[in-house]
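Visitor:
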Amino acid sequence: RDLERYTVRSGDVVIACRGTVLKSAVVPESLDGYLIASNLIAIRLNANFEPILLSAFFQSPEGQKILLSNVRSSTMQIALTVSDIEKIEVPLIPVEIQKRLAGLIAASDNYYKAAIESANLRRDIAYSIALKSFMQSSTSWR
Numbered sequence: 794r795d796l797e798r799y800t801v802r803s804g805d806v807v808i809a810c811r812g813t814v815l816k817s818a819v820v821p822e823s824l825d826g827y828l829i830a831s832n833l834i835a836i837r838l839n840a841n842f843e844p845i846l847l848s849a850f851f852q853s854p855e856g857q858k859i860l861l862s863n864v865r866s867s868t869m870q871i872a873l874t875v876s877d878i879e880k881i882e883v884p885l886i887p888v889e890i891q892k893r894l895a896g897l898i899a900a901s902d903n904y905y906k907a908a909i910e911s912a913n914l915r916r917d918i919a920y921s922i923a924l925k926s927f928m929q930s931s932t933s934w935r
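794 is the number of the first residue of the sequence shown in our numbering; add one for each residue after it.
(1) At which residue ranges does the segment 865-928 contain complete alpha helix (DSSP H) runs of 4 or more residues, listed in the order of the chain?
(2) Can you tell me which residues form a DSSP beta bridge with threonine 800?
(3) Contact check, glutamine 857 vs glycine 812 under 8 Å by CB: the rounded distance?
(4) Beta-carbon within less than 7 Å of isoleucine 799's beta-carbon, same chain only, minus the 5 sequence neighbours each way: which residues are those?
(5) Put alanine 835 into one of helix, strand or coil per three-state DSSP.
(6) Would the segment 801-809 count as touching the segment 843-855 if we require 3 or more Cβ pairs under 8 Å?
(7) Of the choices Ile881, Ser876, Ala895, Ala809, whose alpha-carbon is the least far from that of alanine 849?
(8) May I have the straight-line CA-CA distance separating leucine 924 from serine 930, to the nearest angstrom?
(9) Got a sec? Which residues, its chain only, sit under 7 Å from valine 819 by beta carbon, not counting five neighbours each side?
(10) Are there 16 or more other CB atoms within 10 angstroms of the CB of serine 911, so buried, or fewer, so exposed?
(11) Once DSSP output is grouped into helix, strand and coil, what is the label at serine 848?
(12) Mind checking which residues open and close the alpha helix (DSSP H) that includes serine 853?
(13) Do you know how far the Cα of methionine 928 is from the Cα of isoleucine 859?
What follows is the structure, encoded as structure tokens:
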């Protein structure tokens with residue numbers, strides 16, 4: 794039973810509780826049942842709240858400000874606790890609107906990931922072309 798407390802489920806929101814930056818994410822199905830690391834806090838929501846919206850809220854400038862206002866910190870290190878998170882009031886909007894917003898955020902995240910992959914691919918191609926040019930050169934740089 795105690796182990797269940799440290800087990801994450803698909804759809805849980807995890808948030809970094811120590812470090813210099815407070816990041817959050819939604820646990821994907823592929824990580825369902827895994828044990829959570831000690832530097833993370835898991836939040837299990839009821840059916841009235843879309844997890845991706847809570848994660849987006851925590852990552853927004855306003856959400857970060859609210860999180861940081863409840864946190865103890867020393868020398869730029871943040872120490873967030875479960876009780877700090879429990880104090881935060883997050884507005885509850887109608888489920889239909891949440892679903893539309895969750896779809897918008899998911900689409901935006903997918904586009905962002907695709908753009909990063911595309912940029913990495915373009916960079917890799919440029920490096921490959923440059924390397925081939927160096928290898929074909931008969932002169933030395935010294």
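Beta carbons: idealized from backbone N, C-alpha and C, even for Gly. Because the structure is a prediction, the values reported are computed rather than measured.
Guide: This is what the structure holds:
(1) 875-879
(2) Position 7 of the sequence shown, counting from 1, holds the residue named residue 800. Per DSSP, Leu828.
(3) Numbered from its first residue, the sequence shown carries residue 857 at position 64. Numbered from its first residue, the sequence shown carries residue 812 at position 19. Between glycine 812 and glutamine 857 the Cβ distance is about 13 Å, and since that is not below 8 Å, they are no contact.
(4) On the sequence shown, residue 799 is found 6 positions in, with the first residue counted as 1. In the sequence as displayed, the identity of residue 799 is tyrosine instead of isoleucine. Once the five neighbours on either side are set aside, the close Cβ partners of tyrosine 799 are Leu828, Ile829.
(5) As a first step, residue 835 is located in the sequence shown; it is residue number 42 there, counting from the start. The answer is strand: DSSP assigns alanine 835 an E or B state.
(6) yes
(7) Within the sequence shown, numbered from 1, the residue matching residue 849 stands at position 56. With distances taken between Cα atoms, alanine 849 lies closest to Ala895.
(8) Position 131 of the sequence shown, counted from the start, is the residue given in the question as residue 924. Position 137 of the sequence shown, counted from the start, is the residue given in the question as residue 930. Their Cα atoms are separated by approximately 10 Å.
(9) Position 26 of the sequence shown, counted from the start, is the residue given in the question as residue 819. Correct list, in chain order: Gly804, Val806, Pro844, Ile845, Ser848.
(10) Within the sequence shown, residue 911 is the residue found at index 118, counting from 1. Exposed: under 16 other Cβ atoms inside 10 Å.
(11) Within the sequence shown, numbered from 1, the residue matching residue 848 stands at position 55. Of the three classes helix, strand and coil, the one that applies to serine 848 here is helix, per DSSP.
(12) By 1-based counting over the sequence shown, the position of residue 853 is 60. Note, serine 853: premise wrong, no alpha helix (DSSP H); not H, not E.
(13) In the sequence shown, the residue the question calls residue 859 occupies position 66. In the sequence shown, the residue the question calls residue 928 occupies position 135. Taking the straight line joining both Cα atoms gives about 54 Å.
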